[in-house]
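In my numbering, the protein residues as written are 115 to 498. We treat Cβ as the ideally placed atom computed from N, Cα and C, and that holds for glycine. Just so you know, these numbers come straight off a predicted model, no measurement behind them. All remarks here apply to the structure that follows.
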Ligand SMILES: [Mn+2]
């Protein structure tokens, strides 16, 4: 076996309140290529994942095909696979929250914090799930019904409460149904204003919380009010505190808008407002696929990682979220494979980005020989 790179694995654990015992430190040297799941490949990033990323496999055309896995088991497995933080919908953290009081919701969230602590995991964000309830059939913040809009605000305030209990300061708004199924059913102008007003109320409710809008052009809605990261930056500027309103870019959502995810990421970075990403992949403009990161368009995936590396993403505590779904054909015992693969691909691409020859890039740019630059990138990706 030819080994061109070696990796140092250092394993140790320290119980809370105890000091590090050197006898418990295990140091191993092994070839990088032998490390499974990407767990031990060096990275400067922290990675996050949501409990929905390991799921039962139901889709719009068929029922569940895998057994449910308890939340606590998922968290332990996420840690084992190599993740650092968990992302939450409000009711991932507090199931059946609609039937609980505000105080009960806080108490339940505290118990979730204990599970995270026990497993050495952080919470990255909480996102109000405003697309499942009958009261959000016409959208939440932009519903034509005043009662529905009030319900959306109640869920948003409770999401902030839950975030506080989980020790995170980020709320993500995936505006799933904020738009129209029937184009004439809502005023888009009023819709955008209602979204901004709703965000203002959240900013007023908690003076420390940050709001991250996750744009998507369509699905489940036909015409979204906030389709791209450019929309997000515009909305941010119109709120009462733009410094606390930024974006979370999902690769598949950018592709569904016909845009390049690396450029969408770059747009957010240029404004200093890219505070989260959902890296995944997508085969063209069809239903939202949430494929494993990089499996569809490796060069596009490389460029997403490259711009994150070049712009020091993560230096303010931002995570790389991997929002990927297992294929429906996957069996129970291999239902985390898509996460392991995505993590491994992200780290391997980070390693490639670290080897990117900027001197050669400059030379190609000076000569304006972009064909040469393009071939260099292809060889970088195709050679080991
Ligand atoms: Mn998606």
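Identify the residues that DSSP records as bridge partners of residue i: which are they?
i, result
"residue 434", "161 and 391"
"residue 367", "Beta-bridge pairing links residue 367 to no other residue."
"residue 253", "251"
"residue 294", "337"
"residue 325", "285 and 359"
"residue 173", "176"
Do residue i and residue j have their C-beta atoms closer together than 8 Å?
i, j, result
"residue 332", "residue 366", "no"
"residue 281", "residue 220", "no"
"residue 374", "residue 167", "no"
"residue 213", "residue 242", "no"
"residue 453", "residue 189", "no"
"residue 275", "residue 216", "yes"
"residue 337", "residue 297", "yes"
"residue 191", "residue 401", "no"
Among the residues of its own chain, which have a CB less than 8 Å from the CB of residue i, if the five just before and after it don't count?
i, result
"residue 495", "412, 413, 416 and 466"
"residue 397", "403, 405 and 410"
"residue 309", "255, 256, 289, 292, 339, 340 and 349"
"residue 424", "467"
Since residue i and residue j should fall inside the 8 Å C-beta cutoff, what is the C-beta to C-beta distance between them, to a whole number of angstroms?
i, j, result
"residue 339", "residue 292", "5 Å"
"residue 200", "residue 162", "7 Å"
Residues in its own chain within less than 6 Å of residue i by CB, not counting five upstream and five downstream?
i, result
"residue 206", "165"
"residue 362", "286, 326, 328 and 390"
"residue 482", "none"
"residue 160", "198 and 433"
"residue 456", "406, 407, 436 and 438"
"residue 497", "none"
"residue 305", "256 and 339"
Ignore the nearest five residues each way along the sequence and tell me which others in residue i's own chain have a CB closer than 7 Å to its CB.
i, result
"residue 484", "478"
"residue 279", "220, 223, 224 and 227"
"residue 356", "350"
"residue 371", "331, 341 and 342"
"residue 353", "310, 313, 314, 317 and 359"
"residue 488", "none"
"residue 500", "In this structure the chain extends from 115 to 498, so residue 500 is not present and cannot be described."
Beta strand (DSSP E) containing residue i: first to last residue?
i, result
"residue 203", "199-203"
"residue 240", "236-241"
Where does the unbroken alpha helix (DSSP H) through residue i begin, and where does it stop?
i, result
"residue 288", "Where residue 288 is concerned, there is no enclosing alpha helix (DSSP H), although the beta strand (DSSP E) it sits in stretches over 284-288."
"residue 424", "412-424"
"residue 303", "302-319"
"residue 491", "484-496"
"residue 189", "185-195"
"residue 472", "472-481"
"residue 278", "260-280"
"residue 226", "216-232"
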